[in-house]
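Undergrad: Before I ask anything, let me first share the structure, which is written out below as structure tokens.
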Amino acid sequence: MLAKELQYILVLLVVAFFAGFSSTIAANSVNSDDADNLFAERDSLAVGTSLAVGTSLAMGASLAMGNTRVILSDETNSKPRPFTATDTRIRLATGQGYYPFVSASLPQGGWSQALVTQTFQQMGYEVDIHILPWSRGKMWTDEHRFLGTFPYVSTPKREQEYYFSVPINYIPVRFYVSKVSNITDIQQLSGKRLCLPYGYSDEFSTEGIVDRLNLKINRVVDGAGCIGHVQRGWSDAGLTNSYVSLNEVTNRRLIGDKLLVLPTEVEQVSVHFIISKSYPNAREWMDNFNRAFQQLSKDGTKAKIDHIFTQIIDSR
């Protein structure tokens, strides 16, 4: 994915399963911004509608999410007007199919969405969350049509343009290989070819496993392309968000049973809520967000949310 490096790579890892397995390299990480979700699972979502969020969180627990509204947008929607946070309702942007962080198949819209929403409620705000294509949500955040967007992986370039929150979640990253390659251990990848989507940051490779294993980089358009590359033997490995099972592949042209995810976790990459530095009082907004998030950690609310989503993920 895209998210982001193994820190940066991981980010796109989130998109990595990007088109089903498209959840394989993305979200927001090191990415080109739509590649930001390379490990996304590709949820199917109705467009042009809105819904209230706030009932049970499943697995026997529940979390009140107040009057949060989720607005699903399509290509025909007009641009929202520039947003000025003068009242008690905040407008945020996110994308689709970045399992388990943003996912229509999970309660409250996903793990990161639940945490971000709860944080703003801790600050005393209600939340409108607009579900948009990743690149558009980021662009409209730059244009101050939203207070901020999430979840994104930190990169040096992004840090010049945005304030990043404390880590909201972490992406566990692993290699996947073709089963016919007989590769079962990371060390067997030494000197091999690693497939990464265009836009996936090279900065991860300067100090990380790419250098350690002397991996050669092959570039393709997106995470789904990497899956095809590995299946056909044109690359030896790709990167994936290990929260996403090969059984969750939804792109029919990709055959998950031909792939193997290696058991060793390569790294964990953090994802964040971000605000454009050009937004009025952006630093103050981010400082307040971080304080509220840390309060959720202190009072046990974050642990409760984390436990709920961990249970759901482990049960699948």
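Throughout, this note's numbering is defined as the position within the sequence shown, counted from one, plus 177.
Backbone N, C-alpha and C define an ideal beta-carbon position, used for all residues, glycine too.
Taking C-beta to C-beta, are glycine 325 and isoleucine 489 nearer than 8 Å?
TA: Result no, Cβ atoms of glycine 325 and isoleucine 489 do not sit closer than 8 Å.
Undergrad: With H, G and I counted as helix, E and B as strand and the rest as coil, what does DSSP make of serine 280?
TA: Note: serine 280 maps to coil in three-state DSSP.
Undergrad: Report yes or no: do the segment 438-458 and the segment 338-348 share at least 3 C-beta pairs separated by less than 8 Å?
TA: The answer is yes - the segment 338-348 touches the segment 438-458, with three or more Cβ pairs under 8 Å.
Undergrad: Under 7 Å: does the beta carbon of glutamate 303 sit that close to some heavy atom of the ligand NAP?
TA: Here there are no bound small molecules, and the ligand NAP is not part of this structure.
Undergrad: Terminal residues of the continuous beta strand (DSSP E) containing lysine 393?
TA: Start and end: 393-397.
Undergrad: Evaluate valine 207 with the Cβ neighbour count: other Cβ atoms within 10 Å of its Cβ, from every protein chain shown; 16 or more gives buried, anything less gives exposed.
TA: With a pLDDT of 38 at valine 207, under the threshold of 50, the modelled position of this residue cannot be trusted; read the value that follows with caution. It is buried - the Cβ of valine 207 has at least 16 other Cβ atoms within 10 Å.
Undergrad: In or out: histidine 307 buried (at least 16 other Cβ within 10 Å) or exposed?
TA: Buried, by the Cβ-count rule.
Undergrad: Do you know how far the Cα of serine 331 is from the Cα of glycine 402?
TA: Their Cα atoms are separated by approximately 24 Å.
Undergrad: In chain order, what residues of the same chain have a beta carbon less than 8 Å from the beta carbon of serine 447, not counting five sequence neighbours either side?
TA: Around serine 447: Gln184, Val330, Ser331, Pro344, Ile345, Asn346, Tyr347 and Ile348.
Undergrad: Relative to the C-alpha of leucine 436, which candidate in Phe466, Thr417, Ala270 and Asp399 has its C-alpha closest?
TA: Leucine 436 has its Cα closest to that of Thr417, out of Phe466, Thr417, Ala270 and Asp399.
Undergrad: With DSSP as the reference, please indicate the residues paired to histidine 449 in a beta bridge.
TA: For histidine 449, which the question treats as bridged, DSSP gives the partners Tyr329.
Undergrad: Is the beta carbon of valine 407 closer than 8 Å to that of serine 355?
TA: Yes, the pair counts as a contact, with Cβ atoms nearer than the cut-off.
Undergrad: Between the alpha carbons of methionine 300 and arginine 409, how many angstroms are there, rounded?
TA: Rounded to whole angstroms, methionine 300 to arginine 409 spans 51 Å at the Cα level.
Undergrad: DSSP puts histidine 307 in a beta bridge; with which residues?
TA: According to DSSP, which records beta bridges pairwise, histidine 307 is partnered with Ile248 and Ala270.
Undergrad: For serine 358 and isoleucine 404, I'd like the C-alpha separation in whole angstroms.
TA: If you take the alpha carbons of serine 358 and isoleucine 404, they lie about 14 Å apart.
Undergrad: Could you work out which residue in Thr296, Gly415, Ala469 and Ile363 is closest to proline 440 when comparing CA atoms only?
TA: Of Thr296, Gly415, Ala469 and Ile363, the residue nearest in Cα terms is Ile363.
Undergrad: Taking the alpha carbon of valine 391 as the point to measure from, which residue in Thr318, Glu442, Gln365 and Met463 has its own alpha carbon closest?
TA: Reading off the sequence, residue 391 comes out as asparagine, not valine. It is Gln365 whose Cα lies nearest to the Cα of asparagine 391.
Undergrad: Kindly indicate if chain D contains any beta-carbon less than 8 Å away from that of leucine 283.
TA: Given the protein chain composition of this structure (a single chain), no chain D is represented.
Undergrad: What do you get for glycine 477, buried or exposed, if any count of 16 or more other CB atoms within 10 angstroms of its CB means buried?
TA: So glycine 477 counts as exposed.
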